[in-house]
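Which chain is which? The protein sequence lines are A and E, in order. The numbering of the first sequence is the UniProt record's numbering, which starts it at 1 and goes up by one. The numbering of the second sequence is the UniProt record's numbering, which starts it at 1 and goes up by one. Every residue gets a Cβ at the ideal spot worked out from N, C-alpha and C, and that includes glycine. Since the model is a prediction, treat every value here as computed from it, not as a measurement. First comes the structure, then the notes that go with it.
Protein chains: 2
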Amino acid sequence: MISAERALDALGDPTRRLVFKRLREGNRSVQEIADGLKVSRPAVSQHLRVLKDAGLAVVRIEGTRRLYAIDTRGLESLRGWLDGFWDKTLTAFKQAAEREAAKERRSR
Amino acid sequence: MISAERALDALGDPTRRLVFKRLREGNRSVQEIADGLKVSRPAVSQHLRVLKDAGLAVVRIEGTRRLYAIDTRGLESLRGWLDGFWDKTLTAFKQAAEREAAKERRSR
DNA sequence: CTAAATCGTTAGCCTTGACTTACCGTAAGC
DNA sequence: GCTTACGGTAAGTCAAGGCTAACGATTTAG
């Protein structure tokens, strides 16, 4: 099971989001991902590890290269978290509105 | 305009997520939110400021109390970011698959 | 078999930011 | 007026983690 909270923690860093966005361009090596970014290759490597542990990235080893790509399970987990949060927010709003209405009736 | 990146930064902290979740219970004062959490009231106050700046919370002043609630605009921004990311990921996947297919045809 | 390329890992530095304590302003109640 | 409750802000501490530099393992090329 992939934790949405882990994914949120992972995406809470701006540089890591840049790395994550570059994963959309398909299977890329660490070097390719690091090029164009302002941080060193080891930094990118560490960010990729966090993304992988959070279920947001997958690796495929090809010779000495490691090709990273997006793991859609992390995105699905995030979407689920967001949907659930949205639902609970709406029901809470509805209940609050009903309480307000009841209070109105009592005071009238 | 509300930035989804700001929202992601804000939700990248576990304690802040706890504060955010408590906002679903309706209009709550800072003291009420802090009760049940393991951090002090000023800490909660700072978290609320970050959430507010990120478009995830709104305040309503009532006497000496400030009632915080969820700002749905932040959630909508997040959802938009996630949907856009999902779309671009899929199209990138599709393009990659087409490139793979073209390579297959060439090698045959 | 040697050399180069690729990437992970570790150590250490240093910045960021989460937290507490203390203080101050403000609004309501006596 | 005075007091009490509520909450934002400042100052300071401290741990988390992001970064670089150096090293090591593995694979491919020649």
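Cβ-based neighbour list, residue i, same chain, cut-off 8 Å, excluding 5 preceding and 5 following
| i | result |
| --- | --- |
| A:V19 | I33, L37, V44, H47, L48 and L51 |
| A:I70 | F20, L23, R24, L56, A57 and V58 |
| A:R41 | V30, Q31 and A34 |
| A:S107 | Interpretation of A:S107 is limited by its pLDDT of 49, a score under 50 that renders its predicted location unreliable; no figure is taken from the coordinates. |
Beta-carbon neighbours of residue i, restricted to chain A and to distances below 9 Å
| i | result |
| --- | --- |
| E:K88 | K21 and R24 |
| E:L82 | L75, L78, R79 and L82 |
Partners in chain E for residue i, counting only beta-carbon separations shorter than 9 Å
| i | result |
| --- | --- |
| A:D53 | Result: empty, since nearest Cβ-Cβ is about 15 Å, beyond 9 Å. |
Residue i, DSSP secondary structure in three states
| i | result |
| --- | --- |
| A:I70 | strand |
| A:I33 | helix |
| E:V39 | coil |
| A:R108 | Bear in mind that a pLDDT of 43 at A:R108, under 50, signals an unreliable position, so the model cannot answer this. |
| A:A10 | helix |
| E:A54 | coil |
Option in the options with minimal Cα separation from residue i
| i | options | result |
| --- | --- | --- |
| A:R28 | A:A54, A:R17, A:E62 and A:V39 | A:E62 |
| A:Y68 | A:W86, A:R16, A:P14 and A:V30 | A:V30 |
| E:K88 | A:R65, A:A10 and A:T72 | A:T72 |
Expected contact under 8 Å - CB spacing of residue i and residue j to nearest Å
| i | j | result |
| --- | --- | --- |
| A:I2 | A:G74 | 6 Å |
| E:G26 | A:G12 | Not a contact, Cβ separation roughly 27 Å. |
| A:T15 | A:V39 | 6 Å |
Neighbourhood of residue i by C-beta distance below 7 Å, restricted to the same chain and skipping five residues each side
| i | result |
| --- | --- |
| E:A7 | A54, G55, L56, G74, S77 and L78 |
| A:R17 | L11 |
| A:T91 | none |
| E:E98 | none |
Chain-ordered chain A contacts of residue i [CB-CB under 8 Å]
| i | result |
| --- | --- |
| E:E5 | P14 and R17 |
| E:A96 | G26 and N27 |
| E:L8 | L8, L11, G12 and R17 |
| E:R92 | Here the sequence assigns Ala to residue 92 of chain E, which means Arg is not the residue at that position. Near E:A92 (Cβ distances below 8 Å), the residues of chain A are R24, E25 and G26. |
6 Å Cβ shell around residue i - same chain, five flanking residues per side excluded
| i | result |
| --- | --- |
| A:W81 | A4 |
| A:R60 | L67 |
Any non-hydrogen atom of the ligand GDP within 7 Å of residue i CB
| i | result |
| --- | --- |
| A:K38 | What this structure holds is no ligand at all, so the ligand GDP is not there to describe. |
Neighbouring residues, chain A, relative to residue i (Cβ below 7 Å)
| i | result |
| --- | --- |
| E:I70 | T89 |
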